[in-house]
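In what follows, a single structure is set out as structure tokens and then discussed.
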Amino acid sequence: MKNSVVVANVLAWMMACVSVAGAAETPNNTIVSIKGMHCAGCANKVTKKLQAVPNVNSASVDADKGTAVVNAAAGKDFSPKAVWEAIESAGYKPTELKGPTGTFTAKPTK
Ligand SMILES: [Cu+2]
């Protein structure tokens, strides 16, 4: 069981590498710093909200570090504003969002 999860992760990583190979300087990840999360339950809540944002492929939220890594669906972009608002709607406060369109310390306008 554990091994197959590792293999799946490695495959996903390899596929991610292939898809960003042509644009190594603008990886398709958006990293958000979030205030107010304390446990896995908080992280789950934020993850669910982020995964509901259009064109978001996956979101991985770390309550201890206070970060979310959000990945766009292949060939698509999501709205950083929608990501910011999704986190707010879960009850937490984004403090910084770094993505392909820039770094924001207040809610992006689009
Ligand atoms: Cu919690």
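Taking our numbering, the leading residue of the sequence shown gets 146, the next gets one more, and so forth. C-beta atoms are modelled at their ideal positions from N, C-alpha and C, and glycine is treated no differently. It should be emphasised that the depicted structure is a prediction, and the values quoted were computed from it without experimental measurement.
- request: Determine, using beta carbons only, whether alanine 197 and valine 215 come nearer to each other than 8 Å.
  value: Result no, Cβ atoms of alanine 197 and valine 215 do not sit closer than 8 Å.
- request: Determine the direct distance from the alpha carbon of aspartate 207 to that of asparagine 189, and round the result to whole angstroms.
  value: 9 Å
field: Sheet register partners of glutamate 241 (DSSP bridge)
entry: Ser178
- prompt: Taking the alpha carbon of tryptophan 229 as the point to measure from, which residue in Lys221, Lys238, Asp222 has its own alpha carbon closest?
  reply: For tryptophan 229, the closest alpha carbon among the candidates Lys221, Lys238, Asp222 is that of Lys238.
message: For a test of your reading of the model: does the CB of glycine 236 fall under 7 Å from any non-hydrogen atom of ligand 1? Yes or no.
response: Glycine 236 has its Cβ no nearer than 7 Å to any heavy atom of ligand 1.
- prompt: Straight-line CA distance for lysine 252 to alanine 231?
  reply: 11 Å
query: What first and last residue would you give for the beta strand (DSSP E) that runs through alanine 188?
result: Per DSSP, alanine 188 lies in no beta strand (DSSP E) segment; the continuous alpha helix (DSSP H) that holds it begins and ends at 185-196.
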